[in-house]
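Chains as they are written, first to last, in our numbering: chain A, 4 to 235; chain B, 4 to 235. Below you'll find the structure, written out as structure tokens, and then a few comments.
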DNA sequence: TAAGCTATTTTGTGATCACTAATCTAGTCA
DNA sequence: TGACTAGATTAGTGATCACAAAATAGCTTA
């Protein structure tokens, strides 16, 4: 019998996935102007690839609603109205709250360890006023909790909401000094540790609400949903 | 000044959208075997088009999780485990309930009229034991309610859940005689008419739960999530 | 100067070709 | 007879070409 050779995962990584990942990251990091139009050829030449991977990535991003497909097929960076923003926040509070409550019942010790670790780094980022790191760690913390809920479909819905609201996150970087409150993370961890779902949920909801309130003050919104997206 | 000519909407309908629409309908109607692999070339020759529109449609469907993308990029019809099914149902009850409660506050007279009309046809379909028509009308009824909630992001999440659970709906057709209860629709309409969100929500949740209970008896599930999907 | 028309460019869309890596199929050897 | 292997097939992925419609720029005209 041939010996069992265990290799690292094959790292299959097609171009269209790489393009998708990078575009997605760029959108969340708000490296595009809201309302800006993205053309296949421009992006493909920027990546140094043909149009094919970009077209595939666009199709995926549009289905995820990370970008908006105009009526004529043009892709543009989403622009949110206040109403749309409010609805997304309301849904995030609901679903993230539920996920946190679920997590409290089934989270493992290792996962709580990981949360503790991230919370420590969050504290450092807050003291250093490093908004970028703070946002990244905040996302990491939250999705560690959501993953601990063992509810993949729920996690998927939450991720979808994050994608849609992502472009607005950059407004955090504007002026956030002193706004960074890391106590809530400790509260979440403490509640999760004693399986107190109710309290953990409340803390998580408060975090979403607080962030949203800040964003609503500094973000710029669309007057009205000017050009409705195409297709169904 | 040239006279204002008003034309019907331009009906721009690219091939890849048509393919997407048809494939999506076929999946929901369960015209594919769960687990079945779909190849780009097979589908494209079946539609009589090149591979391009099919590739675009596949990318969209995969992002919508209406199909599963295997690790090597192959597209296959989703197979649900009992746990996955239960989670989707739980989320549907939650979100559809909330949407119904919202609708109760803002639904218009015309929309209630439309619901009444659909409920009438549902009654006929039930008496005729026409499962196909019943399912179609049931979907139409529900999404009329959801649309009335004026919460597009919420409606979008619900639609996503329907897409994932869609392939299982065909098991309804198996043996559903006498199971078709149209009273609930009247109850929903009555509650909506008097803006009684609580009652409307309860009736809608009951409908989801009832349908799910029936499906769990007759549907076939995957033993385990055999091959996990690729990408993120 | 501003509005309207035309020509050019750009863009999305679809088809076709090429390449590599799985996958399946025989065929062979122990 | 069963397992391994080499050849053939089929798969996804990427690039390039072609075309029509939309957007833009530039020119003309009132």
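Built from N, CA and C at the ideal position, the CB exists for glycine as well.
Self-check item: Cut-off 6 Å between Cβ atoms - residues of its own chain near residue 204 of chain A, not counting five sequence neighbours on either side
Solution: The count along the first chain starts at 1 and reaches residue 204 of chain A at position 201. Taken in chain order, the residues that qualify are 100, 103, 104.
Quiz item: In chain order, which continuous runs of the alpha helix (DSSP H) of length 4 or greater are located wholly inside the region 46–83 of chain B?
Solution: 54–66
Quiz prompt | residue 130 of chain A versus residue 98 of chain B - alpha carbon distance | solution = Along the first chain, one-based indexing puts residue 130 of chain A at 127. Along the second chain, one-based indexing puts residue 98 of chain B at 95. So the two alpha carbons sit approximately 39 Å from each other.
Quiz item: Quick one: is residue 160 of chain B near chain A, going by C-beta distance under 7 Å?
Solution: Position 157 of the second chain, counted from the start, is the residue given in the question as residue 160 of chain B. At least one chain A Cβ lies under 7 Å of residue 160 of chain B.
Quiz item: According to the Cβ coordinates, are residue 158 of chain A and residue 149 of chain A closer than 7 Å?
Solution: Working through the first chain from its first residue, we reach residue 158 of chain A at position 155. Working through the first chain from its first residue, we reach residue 149 of chain A at position 146. Yes, they are a contact pair.
Practice problem: Let me know if residue 221 of chain A comes out buried or exposed under the rule of 16 or more other beta-carbons within 10 Å of its beta-carbon. | Solution: In the first chain, the residue the question calls residue 221 of chain A occupies position 218. Classification of residue 221 of chain A: exposed, given that the 10 Å Cβ count is below 16.
Quiz item: Quick one: does residue 67 of chain A have its CB under 7 Å from some CB of chain B?
Solution: Within the first chain, the letter at position 64 stands for residue 67 of chain A. So yes, residue 67 of chain A belongs to the interface.
Quiz item: Roughly how many whole angstroms lie between the Cα atoms of residue 117 of chain B and residue 192 of chain B?
Solution: Indexing the second chain from 1 puts residue 117 of chain B at position 114. Indexing the second chain from 1 puts residue 192 of chain B at position 189. Roughly 10 Å separates the two Cα atoms.
Quiz item: Of the choices B/165, B/154, B/96, B/151, whose alpha-carbon is the least far from that of residue 139 of chain B?
Solution: Mapped onto the second chain, residue 139 of chain B falls at position 136. Taking only the C-alpha atoms, the option nearest residue 139 of chain B is B/165.
Quiz prompt | Under 9 Å by beta carbon: chain A residues contacting residue 157 of chain B | solution = By one-based count along the second chain, residue 157 of chain B stands at place 154. Correct list: 90, 93, 94.
Self-check item: Selection from A/113, A/54, A/39 that minimises the alpha carbon distance to residue 151 of chain A
Solution: By 1-based counting over the first chain, the position of residue 151 of chain A is 148. Cα-wise, what sits closest to residue 151 of chain A is A/113.
Quiz item: Taking buried to mean at least 16 other C-beta atoms within 10 Å of its own C-beta, is residue 44 of chain B buried or exposed?
Solution: Residue numbering aside, residue 44 of chain B sits at position 41 when the second chain is read from its first letter. Residue 44 of chain B is exposed by the Cβ-count criterion.
Practice problem: In angstroms with no decimal places, state the Cα-to-Cα distance between residue 7 of chain B and residue 115 of chain B. | Solution: As a position in the second chain, residue 7 of chain B is number 4, starting the count at 1. As a position in the second chain, residue 115 of chain B is number 112, starting the count at 1. Below a pLDDT of 50, predicted positions are generally treated as unreliable, and residue 7 of chain B, at 38, falls in that range; no measurement from the model is reported.
Exercise. Go through its chain and collect everything with a Cβ distance to residue 10 of chain B's Cβ below 8 Å, but skip five positions before and after it.
Key: On the second chain, position 7 is the one that residue 10 of chain B refers to. In this prediction, residue 10 of chain B has a pLDDT of 40, which is less than 50 and means its spatial position is unreliable; what the coordinates show is noted afterwards. Here the set comprises nothing.
Quiz item: If we ignore side chains and look at the alpha-carbon of each, how far apart do residue 23 of chain A and residue 189 of chain B end up?
Solution: Here residue 23 of chain A corresponds to residue number 20 of the first chain, with the count starting at 1. Here residue 189 of chain B corresponds to residue number 186 of the second chain, with the count starting at 1. Rounded to the nearest angstrom, the two C-alpha atoms are 46 Å apart.
Quiz prompt | Member of A/53, A/38, A/60, A/48 whose CA lies at the smallest distance from the CA of residue 25 of chain A | solution = Within the first chain, residue 25 of chain A is the residue found at index 22, counting from 1. Checking every option, the nearest Cα to that of residue 25 of chain A belongs to A/60.
Practice problem: Note down the Cα distance separating residue 13 of chain B from residue 73 of chain A, rounded to an integer number of angstroms. | Solution: Within the second chain, numbered from 1, the residue matching residue 13 of chain B stands at position 10. Within the first chain, numbered from 1, the residue matching residue 73 of chain A stands at position 70. The predicted model places residue 13 of chain B with a pLDDT of 49, which falls under 50 and marks its position as unreliable; any figure quoted below should be read in that light. Here the alpha carbon of residue 13 of chain B sits roughly 14 Å from the alpha carbon of residue 73 of chain A.
Quiz item: In terms of alpha-carbon separation, which member of A/154, A/41, A/169, A/110 lies closest to residue 141 of chain A?
Solution: Your numbering for residue 141 of chain A matches position 138 in the first chain. Checked all of A/154, A/41, A/169, A/110; the closest Cα to residue 141 of chain A is A/169.
Self-check item: Helix, strand or coil at residue 166 of chain A [DSSP, three-state]
Solution: Stepping through the first chain from its first residue, residue 166 of chain A is reached at position 163. Residue state, collapsed to three classes: helix.
Exercise. Whole angstroms is fine: what's the gap from residue 107 of chain A's alpha carbon to residue 202 of chain A's?
Key: In the first chain, counting from the first residue as 1, residue 107 of chain A sits at position 104. In the first chain, counting from the first residue as 1, residue 202 of chain A sits at position 199. Their backbone Cα atoms lie some 10 Å apart in a straight line.
Quiz prompt | Rounded C-alpha distance that separates residue 215 of chain A from residue 46 of chain B | solution = In the first chain, the residue the question calls residue 215 of chain A occupies position 212. In the second chain, the residue the question calls residue 46 of chain B occupies position 43. Cα-Cα distance, rounded: 45 Å.
Quiz item: Shorter than 7 Å from the beta carbon of residue 225 of chain B to some beta carbon of chain A?
Solution: As a working mapping, residue 225 of chain B is identified with position 222 in the second chain. Under the 7 Å criterion on CB atoms, residue 225 of chain B is classed as non-interfacial with respect to chain A.
Exercise. Report the residue from A/51, A/66, A/48 whose alpha carbon sits nearest the alpha carbon of residue 167 of chain A.
Key: Residue numbering aside, residue 167 of chain A sits at position 164 when the first chain is read from its first letter. It is A/66 whose Cα lies nearest to the Cα of residue 167 of chain A.
Exercise. Let me know if residue 39 of chain B comes out buried or exposed under the rule of 16 or more other beta-carbons within 10 Å of its beta-carbon.
Key: Your numbering for residue 39 of chain B matches position 36 in the second chain. The residue in question, residue 39 of chain B, is exposed, as its Cβ has fewer than 16 Cβ neighbours within 10 Å.
Exercise. Within the same chain, show all residues whose beta-carbon is closer than 8 Å to that of residue 64 of chain B, passing over the 5 residues directly before and after it, in chain order.
Key: Taking the first residue of the second chain as position 1, residue 64 of chain B is located at position 61. Correct list, in chain order: 23, 26, 27, 30, 70, 78.
Quiz item: When the Cα atoms are used, what is the spatial distance from residue 136 of chain A to residue 200 of chain A?
Solution: Indexing the first chain from 1 puts residue 136 of chain A at position 133. Indexing the first chain from 1 puts residue 200 of chain A at position 197. Each residue's Cα considered, the two are about 28 Å apart.
Quiz item: Once you ignore the five residues that flank residue 196 of chain B on each side, which residues in its own chain have a CB closer than 7 Å to its CB?
Solution: Reading the second chain from its first residue, position 193 is the one you call residue 196 of chain B. If the five residues before and after residue 196 of chain B are omitted, its C-beta is found closer than 7 Å to the C-beta atoms of 115, all from its own chain and listed in chain order.
Quiz item: Taking 7 Å as the CB-CB limit, is residue 33 of chain A close to chain B?
Solution: Walking along the first chain from the start, residue 33 of chain A turns up at place 30. For residue 33 of chain A, the answer is no, since every Cβ of chain B falls outside 7 Å of its Cβ.
Practice problem: Would you mind stating whether residue 208 of chain A and residue 96 of chain A have Cβ atoms separated by less than 7 Å? | Solution: Counting from 1 along the first chain, the entry for residue 208 of chain A is found at position 205. Counting from 1 along the first chain, the entry for residue 96 of chain A is found at position 93. Yes, they are a contact pair.
Quiz item: Along chain B, in chain order, which residues have C-beta atoms closer than 9 Å to that of residue 87 of chain A?
Solution: Taking the first residue of the first chain as 1, we reach residue 87 of chain A at position 84. The answer, in chain order, is 155, 156.
Quiz item: Going by the CB atoms, is the gap between residue 42 of chain A and residue 224 of chain A shorter than 7 Å?
Solution: Sequence index remark: in the first chain, residue 224 of chain A carries index 221 (1-based). Sequence index remark: in the first chain, residue 42 of chain A carries index 39 (1-based). Contact flag unset, no.
Exercise. Could you say which of A/32, A/122, A/162 lies nearest to residue 94 of chain A if we only look at CA atoms?
Key: Numbered from its first residue, the first chain carries residue 94 of chain A at position 91. Looking at the Cα atoms, A/162 is the closest of the given residues.
Quiz item: Using a C-beta to C-beta distance shorter than 9 Å, which residues of chain A count as neighbours of residue 15 of chain B?
Solution: Against the second chain, residue 15 of chain B aligns to sequence position 12. What residue 15 of chain B touches in chain A: 74, 75, 76, 233.
Self-check item: Interface partners of residue 197 of chain B on chain A, CB under 8 Å
Solution: As a working mapping, residue 197 of chain B is identified with position 194 in the second chain. Within chain A, no residue has its beta carbon less than 8 Å from that of residue 197 of chain B; the closest one is some 25 Å off.
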